[in-house]
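Chemist: Numbering (the numbering used here), first residue to last: -6 to 159.
1. Between the beta-carbon of residue 162 and the beta-carbon of residue 72, is there less than 7 Å?
2. Where do the N-terminal and C-terminal ends of the beta strand (DSSP E) with residue 157 fall, by residue?
3. So, residue 35 versus residue 43, is the Cβ gap smaller than 7 Å?
4. Cβ of residue 41 within 7 Å of Cβ of residue 150?
5. Are there 16 or more other CB atoms within 10 angstroms of the CB of residue 28, so buried, or fewer, so exposed?
6. Residue 84 and residue 125 - do their beta-carbons sit closer together than 7 Å?
7. Suppose you measure from the CA of residue 132 to the CA of residue 112; what does that come to, to the nearest Å?
8. On the DSSP bridge list, what partners appear for residue 80?
9. Helix, strand or coil for residue 108, going by three-state DSSP, please let me know.
10. Just the Cα atoms here: how many angstroms apart are residue 129 and residue 14?
11. Sort out for me which residues DSSP pairs residue 137 with in a bridge.
12. State the beta-bridge partners of residue 14 as determined by DSSP.
13. With three or more beta-carbon pairs closer than 8 Å as the criterion, would you say the segment 98 to 109 touches the segment 53 to 67?
14. Expressed to the nearest angstrom, what Euclidean distance is found between the alpha-carbon atoms of residue 74 and residue 89?
15. Does DSSP put residue 33 in a helix, a strand or coil?
16. If you run the structure through DSSP and keep just helix, strand and coil, what is residue 38?
17. Starting from residue 48, follow the beta strand (DSSP E) in both directions and report where the run begins and ends.
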């Protein structure tokens, strides 16, 4: 039943012409400050848009926070974290992950486990959602990239979008 509800939400998101508000767009052209330094590096040679990307080379499984975005007065909406991913020699899946912080309640997450990248491949669009009910007001969101095994992954064209709930 949960899978049917999830599929219905995804279909509605992709097929409806609802007004989407971009809360944060990160083109990854080398000018941005990333949260997890050291494991992430700017790669000007590999890019989905010709402006560079962020590269993560892992020798073990890792979760890297790319950015933390403050949120204000957002509830009763759908948050969408989207990006382009490219992989090289990944034995286990890599996926997008977002953690939302709710004051007084802690952090809650959404993981892109249903649509990961694996192996070696070209640029692929990926997105995950977090549905906020009325009155659920997070104060920030962390946008992460998770690798389940050693390997290399690039990420480009990161967006955090807010859409109205259907």
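Beta carbons: idealized from backbone N, C-alpha and C, even for Gly.
Modeler: If we stick to the structure as given:
1. Because the chain is modelled from -6 through 159, residue 162 falls outside the range shown and cannot be assessed.
2. In the chain shown, the residue the question calls residue 157 occupies position 164. Residue 157 -> beta strand (DSSP E) spans 144 to 157.
3. Position 42 of the chain shown holds residue 35. Position 50 of the chain shown holds residue 43. No, they are not a contact pair.
4. As a first step, residue 41 is located in the chain shown; it is residue number 48 there, counting from the start. As a first step, residue 150 is located in the chain shown; it is residue number 157 there, counting from the start. Yes, these two residues count as a Cβ contact at 7 Å.
5. The sequence position of residue 28 within the chain shown is 35, counting from 1. By the neighbour-count rule (16 or more Cβ atoms within 10 Å), residue 28 is not buried but exposed.
6. Within the chain shown, residue 125 is the residue found at index 132, counting from 1. Within the chain shown, residue 84 is the residue found at index 91, counting from 1. In this structure, residue 84 does not lie closer than 7 Å to residue 125 by Cβ.
7. For this step, residue 132 is matched to residue 139 along the chain shown. For this step, residue 112 is matched to residue 119 along the chain shown. Each residue's alpha carbon lies about 36 Å from the other.
8. Numbered from its first residue, the chain shown carries residue 80 at position 87. Per DSSP, 114, 146.
9. Counting from one through the chain shown, the residue named residue 108 turns up at place 115. Residue 108: coil per DSSP, three-state reduction.
10. Numbered from 1 along the chain shown, position 136 holds the residue referred to as residue 129. Numbered from 1 along the chain shown, position 21 holds the residue referred to as residue 14. Cα to Cα, residue 129 sits roughly 18 Å from residue 14.
11. As a first step, residue 137 must be located in the chain shown, where it is residue number 144. DSSP lists 58, 90 as partners of residue 137.
12. Reading the chain shown from its first residue, position 21 is the one you call residue 14. Per DSSP, 155.
13. no
14. To locate residue 74, count along the chain shown from 1; it is residue 81. To locate residue 89, count along the chain shown from 1; it is residue 96. The alpha-carbon separation between residue 74 and residue 89 amounts to approximately 8 Å.
15. As a working mapping, residue 33 is identified with position 40 in the chain shown. Looking at residue 33 - three-state DSSP - the assignment turns out to be strand.
16. Within the chain shown, the letter at position 45 stands for residue 38. Coil at residue 38, not helix or strand.
17. To locate residue 48, count along the chain shown from 1; it is residue 55. 46 to 51 is the span of the beta strand (DSSP E), which, as asked, contains residue 48.
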